[in-house]
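In what follows, a single structure is set out as structure tokens and then discussed.
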Amino acid sequence: KAGVTQTPRYLIKTRGQQVTLSCSPISGHRSVSWYQQTPGQGLQFLFEYFSETQRNKGNFPGRFSGRQFSNSRSEMNVSTLELGDSALYLCASSLDGQGVHEQYFGPGTRLTVT
Amino acid sequence: GDSVTQMEGPVTLSEEAFLTINCTYTATGYPSLFWYVQYPGEGLQLLLKATKADDKGSNKGFEATYRKETTSFHLEKGSVQVSDSAVYFCALRGLNTGNQFYFGTGTSLTVIP
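Top line first, the protein sequences correspond to chains A and B. Numbered per our numbering, the first sequence spans residues 408 to 521. Numbered per our numbering, the second sequence spans residues 177 to 289.
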């Protein structure tokens, strides 16, 4: 099976712009989570989508949003970019249902805001 | 709420040294526990997991035992290699469907020849 894929791998944006990142989960996985990783704050949970619905949400401002499509692919959007949004954005998918299932991570999208 | 606490890094060891990275957790009930590893420039990879008390997860010479009495899941390896240099994350997920994952802050390990 193909792993979790994220596009693009690298992005450079200017303050005030907006950006959309994409994530394709492993085939059959219905849960997709997004994380922000920075040297100072570590790995921080943004949100999780399951069956096109946001199921869990971290503590991020409303500038960060996401959605999930019927094929489980997910996008996250950041509007009005700030310098502090520069980070590695990681997507993870998991096979959900009865029991607990580990998450599988993509390689990430490196966002640089100038 | 649920949380994970990892030992602070960075950790520097010589090749063939013994490794321990401490992880303790706070959770309601009996969560599943995980160790993930992140190599430079990559996403996180699942290293091992344990889903119930006294379970031992193991992979690539690493192992960790789910200790309910001490709420711990310490990662160990008997003899580290240079290729083990990476950042290690402890994580938990509650048993109920829909529970989110909680990650520790990560511990950076450097192994020198």
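C-beta: ideal position from N, C-alpha, C; glycine also.
Distances from the alpha-carbon of B/Asp260 to those of B/Thr196, B/Thr200, B/Gly280 and B/Ala267 put B/Thr196 closest. The region 482-495 of chain A and the region 417-437 of chain A touch, with no fewer than 3 CB-CB distances between them shorter than 8 Å.
Sequence-distant Cβ neighbours of B/Gly282 in its own chain, meaning closer than 6 Å and more than five residues away, are Val263 and Phe265.
A/Phe512 has a beta carbon lying within less than 8 Å of a beta carbon in chain B.
Taking 8 Å as the upper bound for CB-CB distance, B/Phe249 and A/Leu450 are not in contact here, some 17 Å apart. In this model, B/Thr200 and B/Arg243 are separated by some 9 Å (Cα to Cα). Residue burial is scored here from C-beta neighbours: B/Pro216 has fewer than 16 other C-beta atoms within 10 angstroms and is therefore classed as exposed. Closest option to A/Phe454, judged by alpha-carbon separation, among A/Arg474, A/Thr445 and A/Gln448: A/Arg474. Of B/Thr241, B/Asn275, B/Gly237 and B/Glu245, the smallest CA-CA separation from B/Ala193 is found for B/Gly237. In chain order, Gly449 and Leu450 make up the part of chain A whose C-beta sits under 8 Å from the C-beta of B/Gly282.
If you draw a straight line from the Cα of B/Pro186 to the Cα of B/Thr286, it comes to about 8 Å.
Look at A/Asn463: its C-beta is under 8 Å from a C-beta on chain B.
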